[in-house]
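These notes are about the structure you will find just below.
Residue numbers (my numbering): 401 to 768.
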């Protein structure tokens, strides 16, 4: 459906050139809800603008439904691309009411057909009773519903969503993104969401694309990208985790990883021996007081540095006796005191990344 190959884009910056996109390849299947996730400066917004036609790439190609939008210097203008966009905060026209905002992009239709289409979309997004209201008379969530209806009005082949939920309060943000996802799936509409919110990207996307410094560093099903990150840096970016220095060893014929948390099982047992980085997820650790019994042979001791309570769970920072500070996620009902002695153990295999031509760091070192 959407195929991007070798896309590059640079901008002049004080006499030099700043690269925003550097040979980006990307595919989104028809009917999929894909998300492009990345920190500020990763190139995700530039990628969206190139797909929409608001920016002209320096090189590469963009193809939608078998038609070239950009290739070999040929550029299809935005209004001919059949691409709808929902920008941040909706960006509705303030002088037009909700119905006229929706109708803006279908002015070429006969009046009766245009009115029918607007009514269909108002019904679809649950905004029939607000058709005559102007943007300032609508809540943030209502404005985003109208913005989505406006983007859908010309029946585009692709919908681009540029962080459309970022200005909403947390509860409404979750509800609306679920509502939008189900609506677009019901229409079998291909969608591409650009966001810096990891929870949002993984919650709504069928296909997750992660960008860093103008490159796509990982793409696939959200669970696969999260469970087995392409590298340790991506693992740190996705979720709460600690990256430890370690060493891959073969002990009694079995591959193990020696690190500050003890002797662990690597997710990939075929790795060669040598220095490595070990990614430990906060939710894959268990913690108990040393006065209790932690029934795990690989437990290590430490003490509580801090606990950040977030309602349903807490993030506990533990200083290991013979190692660095690590993060452990526990149930919200669990409470620990500062400097309380605890024991920590891993409960699953750990993603492990060999360090080619490197000298192993001391086992009490971590990358945080």
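Heads up, the beta-carbon is just placed ideally off N, CA and C, and yes, glycines get one too.
For residue 412, the first and last residue of its enclosing alpha helix (DSSP H): For residue 412, no alpha helix (DSSP H) segment is defined; the enclosing uninterrupted segment is the beta strand (DSSP E) at 402-413.
Other residues of its chain near residue 466: CB distance less than 8 Å, five sequence neighbours each side excluded: Exclusion of the five residues before and after residue 466 leaves no residue of its chain whose Cβ lies closer than 8 Å to its Cβ.
Candidates 728, 547, 740, 687, of which the one nearest residue 703 by Cα: If we check each option's Cα against that of residue 703, 740 comes out closest.
Collapsed DSSP secondary structure at residue 764 in the structure displayed: Because residue 764 sits at a pLDDT of 38, beneath the cut-off of 50, its placement in the model cannot be relied upon, and the point is left open.
6 Å CB neighbourhood of residue 442 in its chain, flanking five on each side removed: So the qualifying residues of the chain are 611, 612.
Where residue 595 sits in the DSSP three-state scheme: Residue 595 falls in the strand class under three-state DSSP.
N- and C-terminal bounds of the alpha helix (DSSP H) containing residue 520: Residue 520 -> alpha helix (DSSP H) spans 511-524.
Three-pair Cβ contact test at 8 Å for the stretch 582-594 versus the stretch 527-542: Output reads no: the stretch 527-542 does not touch the stretch 582-594.
CB contact flag (residue 689, residue 742, <8 Å): Result yes, Cβ atoms of residue 689 and residue 742 sit closer than 8 Å.
Cβ shell of residue 493 (< 6 Å), same chain only, five flanking positions each side left out: Shown here for residue 493: same chain residues with a beta carbon closer than 6 Å to its own, the five before and five after excluded, namely 501 in chain order.
Residue 560 and residue 484 closer than 8 Å at C-beta: Result yes, Cβ atoms of residue 560 and residue 484 sit closer than 8 Å.
Neighbour-count burial assignment, residue 747, 16 or more Cβ in a 10 Å radius: Exposed: under 16 other Cβ atoms inside 10 Å.
Where the alpha helix (DSSP H) through residue 612 begins and ends: Counting along the chain, residue 612 falls outside any alpha helix (DSSP H), though it belongs to the beta strand (DSSP E) covering 607-612.
DSSP beta-bridge partners of residue 617: Answer is none; residue 617 lacks a bridge partner.
Span of the alpha helix (DSSP H), counted from its first residue to its last, around residue 452: Start and end: 444-452.
Of the listed residues 684, 452, 751, 504, nearest to residue 633 (C-alpha basis): Considering only alpha carbons, the answer is 751.
Where residue 530 falls, given that 16 or more other Cβ within 10 Å makes a residue buried: Result: buried.
Rounded C-alpha distance that separates residue 769 from residue 444: The question about residue 769 has no answer, for the chain in this structure spans 401 to 768.
Contact between the stretch 446-465 and the stretch 517-525 (3+ Cβ pairs under 8 Å): The stretch 446-465, when compared against the stretch 517-525, does not touch it at the 8 Å Cβ threshold.
Neighbourhood of residue 649 by C-beta, 7 Å cutoff - its chain only, sequence neighbours within 5 removed: Spatial neighbours of residue 649 in its own chain (CB-CB distance under 7 Å, excluding positions within 5 residues in sequence) are listed in chain order as 656, 658, 673.
Which listed residue (473, 432, 435) has its alpha carbon closest to that of residue 407: Answer by Cα proximity: 473.
Identity of the residue in 555, 707, 497 nearest residue 687 by Cα: Nearest Cα to residue 687 within the set 555, 707, 497: 707.
Assigned secondary structure, residue 668 (DSSP; H/G/I helix, E/B strand, else coil): Here residue 668 carries a coil assignment [DSSP, helix/strand/coil].
Unbroken alpha helix (DSSP H) run spanning residue 502, endpoints: Annotation for residue 502: the continuous alpha helix (DSSP H) segment containing it runs 498-503.
Minimum Cβ-Cβ distance from residue 734 to chain C less than 8 Å: Absent from the structure: chain C. Only one protein chain is present.
Residues near residue 754 in its chain [Cβ-Cβ closer than 8 Å; skip 5 each side]: Its chain contains 648, 671, 672, 674, 675, 676 as the residues whose beta carbon lies nearer than 8 Å to that of residue 754, once the 5 sequence neighbours on both sides are disregarded; these appear in chain order.
Run of the beta strand (DSSP E) containing residue 467, from where it starts to where it stops: Looking at the DSSP string, the run of the beta strand (DSSP E) that includes residue 467 is 467-471.
DSSP bridge partner residues for residue 679 (one or two, in chain order): DSSP, once it has assigned bridges, lists 643 as partnering residue 679.
Proximity below 8 Å, CB of residue 435 to CB of residue 572: Not a contact, by the Cβ cut-off of 8 Å.
Complete beta strand (DSSP E) runs within the stretch 721-761 (minimum length 3 residues, chain order): As far as the stretch 721-761 is concerned, its whole beta strand (DSSP E) runs of at least 3 residues are 725-731, 741-746, 752-754.
As assigned by DSSP and simplified to three states, the class of residue 652: Residue state, collapsed to three classes: coil.
Given residue 476 as reference, the closest of 710, 512, 455, 549 once Cα atoms are compared: Considering only alpha carbons, the answer is 455.
Classification of residue 600 by the beta-carbon crowding that lies within 10 angstroms, buried from 16 upward: By the 10 Å Cβ count, residue 600 comes out buried.
Residue 495, DSSP secondary structure in three states: Three-state result, residue 495: coil.
Distance, residue 424 Cα to residue 418 Cα: Rounded to the nearest angstrom, the two C-alpha atoms are 15 Å apart.
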